[in-house]
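Trainee: Numbering (this note's numbering), first residue to last: 906 to 1463. Using N, Cα and C, we set each Cβ at its ideal position, and we do this for glycine too. Computed from a predicted model, the values in this text were never measured in an experiment.
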Amino acid sequence: MLVIPILLACTALPHATAGESPWERMIEESLSAPEPERGKPAPIVKTLPAPGSPEQLRELLLALEPRDRHELEALLARHGGTLAPFVRLILGDRLAADGAEKEAQANWQKAALVPLLKEEAQRRLANDGRATPDGIVAGLMVPMSGPSAAMGNTLVMAARKAMADHRDVNLQLEVADSGGNAAGAKAAVESLVKRGAQVILGPVFHPEAMAAAKAAKAANVPIIPFNPRAEILSVGGAVQLNAFHPDAQARVMARYAISEAKVKRIAILAADSEYGQLQAQTFANEVVALGGIITHSVLFPDNETDFSNALKMLVSQEPDALKSRLAAARSAMLLDPLDRPPPRTEKELEPVRAFDALFLPTSAKQARLIAPQAALFNIRAPETLFLGTSLWNRPELLEEADSLSRAVFCDIDMDAREQFTTLHKKLLGTAPVPALSMLTYDAVAILAQLARDQRLGGLEWQQGLTRESGFHGSAGTVHFHADGVSERYYHVYRVEEKKIVPLATPPQTGAPDPNRSPLAPRGEFLPAAEEVVIRDHESDSPVPAGDSVTVPLPSTKE
906 MLVIPILLAC
916 TALPHATAGE
926 SPWERMIEES
936 LSAPEPERGK
946 PAPIVKTLPA
956 PGSPEQLREL
966 LLALEPRDRH
976 ELEALLARHG
986 GTLAPFVRLI
996 LGDRLAADGA
1006 EKEAQANWQK
1016 AALVPLLKEE
1026 AQRRLANDGR
1036 ATPDGIVAGL
1046 MVPMSGPSAA
1056 MGNTLVMAAR
1066 KAMADHRDVN
1076 LQLEVADSGG
1086 NAAGAKAAVE
1096 SLVKRGAQVI
1106 LGPVFHPEAM
1116 AAAKAAKAAN
1126 VPIIPFNPRA
1136 EILSVGGAVQ
1146 LNAFHPDAQA
1156 RVMARYAISE
1166 AKVKRIAILA
1176 ADSEYGQLQA
1186 QTFANEVVAL
1196 GGIITHSVLF
1206 PDNETDFSNA
1216 LKMLVSQEPD
1226 ALKSRLAAAR
1236 SAMLLDPLDR
1246 PPPRTEKELE
1256 PVRAFDALFL
1266 PTSAKQARLI
1276 APQAALFNIR
1286 APETLFLGTS
1296 LWNRPELLEE
1306 ADSLSRAVFC
1316 DIDMDAREQF
1326 TTLHKKLLGT
1336 APVPALSMLT
1346 YDAVAILAQL
1356 ARDQRLGGLE
1366 WQQGLTRESG
1376 FHGSAGTVHF
1386 HADGVSERYY
1396 HVYRVEEKKI
1406 VPLATPPQTG
1416 APDPNRSPLA
1426 PRGEFLPAAE
1436 EVVIRDHESD
1446 SPVPAGDSVT
1456 VPLPSTKE
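#1: For residue 1271, which residues from the same chain have a beta carbon less than 6 Å from its beta carbon, with the 5 sequence-adjacent residues on both sides left out?
#2: Kindly indicate if chain B contains any beta-carbon less than 9 Å away from that of residue 1302.
#3: Between residue 1057 and the rest of its own chain, which residues show a CB-CB distance below 6 Å, the 5 nearest in sequence each way excluded?
#4: Which value, in whole angstroms, describes the spacing of the CA atoms of residue 1131 and residue 1116?
#5: Can you name, in chain order, every residue of its own chain whose Cβ lies under 7 Å from the Cβ of residue 1280, other than the five neighbours on each side?
#6: Short check: CB of residue 1118 to CB of residue 1101, under 9 Å?
#7: Buried or exposed for residue 1088, going by 16 or more other Cβ atoms inside 10 Å?
#8: Suppose the cutoff is 7 Å on Cβ atoms and the five residues either side in sequence are ignored; what does the same chain contact list for residue 929 look like?
#9: Take residue 1238 and list the residues in its own chain whose beta-carbon comes closer than 6 Å to its own, dropping the five residues that flank it on each side.
#10: Report the three-state DSSP secondary structure of residue 1348 (helix, strand or coil).
#11: Could you check where the alpha helix (DSSP H) with residue 1399 kicks off and where it finishes?
#12: Name the one or two DSSP bridge partners that residue 1202 has.
#13: Can you grab the Cα-Cα spacing for the pair residue 1327 / residue 1063, in whole Å?
#14: By Cβ distance below 6 Å, which residues in the same chain neighbour residue 1013 in space, the five residues on each side in sequence not counted?
#15: Helix, strand or coil: which one does DSSP assign to residue 1308?
#16: Does the Cβ of residue 1346 lie closer than 8 Å to at least one heavy atom of the ligand GDP?
#17: Apply the 10 Å Cβ neighbour rule to residue 1407 and answer buried if 16 or more other Cβ atoms are within range, or exposed otherwise.
#18: Taking 8 Å as the cut-off, does the region 1157-1164 touch the region 1198-1206 (at least 3 CB pairs, one atom from each stretch)?
#19: Run through DSSP, which three-state label would residue 1392 get?
#20: Rounded to the nearest angstrom, how far is the Cβ of residue 1189 from that of residue 1203, given a contact under 8 Å?
#21: Excluding five sequence neighbours on each side, which residues of the same chain lie with their C-beta closer than 8 Å to the C-beta of residue 995?
#22: Can you tell which of 1124, 1168, 1333 has the C-alpha that lies nearest to the C-alpha of residue 1098?
#23: Residue 1401 to residue 1311, Cα distance in whole Å?
#24: Determine, using beta carbons only, whether residue 1384 and residue 1393 come nearer to each other than 9 Å.
#25: Exposed or buried, which one is residue 1415 when buried takes at least 16 other CB atoms within 10 Å?
#26: Taking the straight line between their C-alpha atoms, what separation do you get for residue 1287 and residue 1297?
#27: If you count every other CB in all the chains shown that lies within 10 Å of the CB of residue 1208, and 16 or more means buried, which is it?
#28: Could you tell me which residues DSSP pairs with residue 1041 in its beta bridges?
#29: What first and last residue would you give for the alpha helix (DSSP H) that runs through residue 1260?
#30: Tell me the start and end of each unbroken beta strand (DSSP E) in the region 1074-1130 that is at least 3 residues and wholly inside, in chain order.
#31: Going along the chain, which residues of its own chain have a beta-carbon closer than 8 Å to the beta-carbon of residue 1321, five neighbours each way excluded?
#32: Using the rule of at least 16 other Cβ atoms within 10 Å of the residue's Cβ for burial, across every protein chain shown, is residue 1342 buried or exposed?
#33: Assuming contact is defined by CB atoms lying nearer than 9 Å, are residue 1212 and residue 1278 in contact in what I supplied?
#34: Name the one or two DSSP bridge partners that residue 1407 has.
#35: I think residue 1292 touches residue 1262, with their Cβ atoms under 8 Å apart; what is that distance to the nearest whole Å?
#36: Helix, strand or coil, according to DSSP, for residue 1369 in the structure here?
Pasting the structure below:
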């Protein structure tokens, strides 16, 4: 069994502080060489020798593990030679996850020819890690009864997909019904602990996550909820939040505006909701920290459809501002006879746009309503840069593409999400809940990657989870920080002529926000309400409420 030592203060542990070894530096220098430009000869890359010990092997595989299929194929093309088998081992994992079983087997077979890789490759070729002595019992708690039962079933399917993609790991998954409520979550934790769970994955919603975290602490078992509420961390114990954190998106957009778009004066227009307030405050803090200026920050009622009052405040057109502006204009002296005479009435006062960008952490529906209304107040794209979040990434946004010309927003890798959705449905016969299914998949995949690393002599639980190299997730690299918060990379996209195009992603340090409040407001910050709608589950057989199951691996045949 994989041993996961429990340390109740693990959320306060830093990353390993030991300096890099010469071998680790050589790996970093070699693997970080730039990819050759299309049509040009590949640059000369300093060849990294093959690892000469199990420890060097572990460090090399640790560096390769977080990389996606494209990166690994590029490395294979650039390096080849002695490094090729090591790249092929991990590339085989990516190919198998994509359903390319024959190609995966071919890569593993070539990797097995190297003595240091023989055991690792044979584990994959055997296609059944459960036969190996090392392993881990993970408890997955999701709502299998009540109004969210269908969602819980799809999350179990996502966990099955992750198990199939890490066939070399002896991972036993015990499932319990959280019921979507606090009482059910507490009972589920107690049930999973009795069944030998060494770590608990889930639940989803805030009340049940709070109850589950308390029960896990009492049982001295680590827990990884799928919820971004930082309040869960206040429970104490070994808690790591595996979630999409909305405040991270606000920081990415602030960095893009200041560093990439080179705008300094920015206004904020957000809903008067927990999500809107958090996004607005985080964005403002980041802009100011980067040397920018927040000229206005206006909140509107959450369900608003007429944004004229809020827009008037942005351009000093509300009644009080008009009176002050008119009085100031009348008292101004004409310095030149050719100067335009001062306005005589409030209607003659033009809107004053004192900003170059407008941050709209709103839904796509609200964004496409705001943009044409804003044009009536001299707030027009592309002269004004509109900035959004992942909530914008909906087809209806393009219905107002003209008013949102060259607007930008951030989201996780859209290609990766689409591929995950397609493969999930193809292999498991069910459409996933995009955000939550990806989080569930990642939780299981991360445990498997920890088990791989530990069997090669890697770090124990608390240090391993916060390893600096991160983990390969469904939408790219996932990092866990010592404060209990996870981080994923966000890509920046631009609206252009009825289509959305990717831009270069701003630098993301991977470090947690030092100004983040330890107790964010309560609420459910799921990426969007549309993403928790369940469809096309006729082919699934849900787990009966209250029952526990050991989830089998699905077939990996093409």
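Mentor: Looking at the coordinates:
#1: The count along the sequence shown starts at 1 and reaches residue 1271 at position 366. Cβ neighbours of residue 1271 beyond the five flanking positions: none.
#2: This model lacks chain B altogether; it includes just one protein chain.
#3: Counting from one through the sequence shown, the residue named residue 1057 turns up at place 152. Taken in chain order, the residues that qualify are 1047, 1048, 1049.
#4: Your numbering for residue 1131 matches position 226 in the sequence shown. Your numbering for residue 1116 matches position 211 in the sequence shown. Cα to Cα, residue 1131 sits roughly 13 Å from residue 1116.
#5: Here residue 1280 corresponds to residue number 375 of the sequence shown, with the count starting at 1. Contacts found: 1308.
#6: Indexing the sequence shown from 1 puts residue 1118 at position 213. Indexing the sequence shown from 1 puts residue 1101 at position 196. Contact: no.
#7: Within the sequence shown, residue 1088 is the residue found at index 183, counting from 1. Result: exposed.
#8: For the purposes of this step, residue 929 is taken as the residue at position 24 of the sequence shown. Result list for residue 929: 964, in chain order.
#9: Along the sequence shown, one-based indexing puts residue 1238 at 333. A caution first: residue 1238 carries a pLDDT of 48, below 50, which makes its placement in the model unreliable, though a value can still be read off. Correct list: empty, nothing qualifies.
#10: Looking up residue 1348 in the sequence shown gives position 443. In the structure shown, residue 1348 sits in a helix (DSSP, three-state: H, G or I).
#11: The count along the sequence shown starts at 1 and reaches residue 1399 at position 494. Careful: residue 1399 lies outside any alpha helix (DSSP H), inside the beta strand (DSSP E) at 1396-1401.
#12: Within the sequence shown, the letter at position 297 stands for residue 1202. Paired residue(s): 1173.
#13: Translated into positions along the sequence shown, residue 1327 becomes position 422. Translated into positions along the sequence shown, residue 1063 becomes position 158. Approximately 12 Å between the Cα atoms of the pair.
#14: Here residue 1013 refers to the residue found at position 108 when the sequence shown is read from its first residue. 997, 1026, 1029, 1030, listed in sequence order.
#15: In the sequence shown, the residue the question calls residue 1308 occupies position 403. Note: residue 1308 maps to coil in three-state DSSP.
#16: This structure simply doesn't include the ligand GDP, nor any ligand for that matter.
#17: For the purposes of this step, residue 1407 is taken as the residue at position 502 of the sequence shown. The residue is exposed, with fewer than 16 neighbouring Cβ atoms inside 10 Å.
#18: no
#19: Along the sequence shown, read from residue 1 onward, the residue named residue 1392 stands at position 487. Note: residue 1392 maps to strand in three-state DSSP.
#20: Here the question's residue 1189 lines up with position 284 in the sequence shown. Here the question's residue 1203 lines up with position 298 in the sequence shown. That pair is no contact at about 12 Å.
#21: Stepping through the sequence shown from its first residue, residue 995 is reached at position 90. Apart from the 5 residues on each side of it in sequence, residue 995 sits with its Cβ closer than 8 Å to the Cβ of 966, 969, 970, 972, 977 in its chain, given in chain order.
#22: Locating residue 1098 in the sequence shown gives position 193, counting from the first residue. When only C-alpha atoms are compared, the closest one is 1124.
#23: For the purposes of this step, residue 1401 is taken as the residue at position 496 of the sequence shown. For the purposes of this step, residue 1311 is taken as the residue at position 406 of the sequence shown. Looking at the backbone, the Cα of residue 1401 and that of residue 1311 are separated by about 6 Å.
#24: Here the question's residue 1384 lines up with position 479 in the sequence shown. Here the question's residue 1393 lines up with position 488 in the sequence shown. Cβ atoms of residue 1384 and residue 1393: closer than 9 Å.
#25: For this step, residue 1415 is matched to residue 510 along the sequence shown. Low confidence applies to residue 1415: its pLDDT is 44, below 50, so where it sits in the model is not reliable enough to give any reading.
#26: The sequence position of residue 1287 within the sequence shown is 382, counting from 1. The sequence position of residue 1297 within the sequence shown is 392, counting from 1. Roughly 17 Å between the two C-alpha positions.
#27: Counting from one through the sequence shown, the residue named residue 1208 turns up at place 303. Residue 1208 comes out exposed.
#28: For the purposes of this step, residue 1041 is identified with residue 136 of the sequence shown, where counting begins at 1. Answer is 1076, bridged to residue 1041.
#29: As a working note, residue 1260 is residue 355 in the sequence shown. It is not in any alpha helix (DSSP H) - residue 1260 carries neither H nor E in the DSSP assignment.
#30: 1076-1082, 1104-1106
#31: Position 416 of the sequence shown, counting from 1, holds the residue named residue 1321. Closer than 8 Å at Cβ, skipping near neighbours: 973, 1379, 1380, 1381.
#32: Counting from 1 along the sequence shown, the entry for residue 1342 is found at position 437. It is buried - the Cβ of residue 1342 has at least 16 other Cβ atoms within 10 Å.
#33: Along the sequence shown, read from residue 1 onward, the residue named residue 1212 stands at position 307. Along the sequence shown, read from residue 1 onward, the residue named residue 1278 stands at position 373. Yes, these two residues count as a Cβ contact at 9 Å.
#34: The residue you call residue 1407 lines up with position 502 of the sequence shown. In the DSSP output, where bridge partners are listed per residue, residue 1407 has 1398.
#35: For this step, residue 1292 is matched to residue 387 along the sequence shown. For this step, residue 1262 is matched to residue 357 along the sequence shown. A Cβ-Cβ distance of about 6 Å is found for the pair residue 1292 and residue 1262, placing them in contact under the 8 Å criterion.
#36: For the purposes of this step, residue 1369 is identified with residue 464 of the sequence shown, where counting begins at 1. Three-state DSSP puts residue 1369 in a helix.
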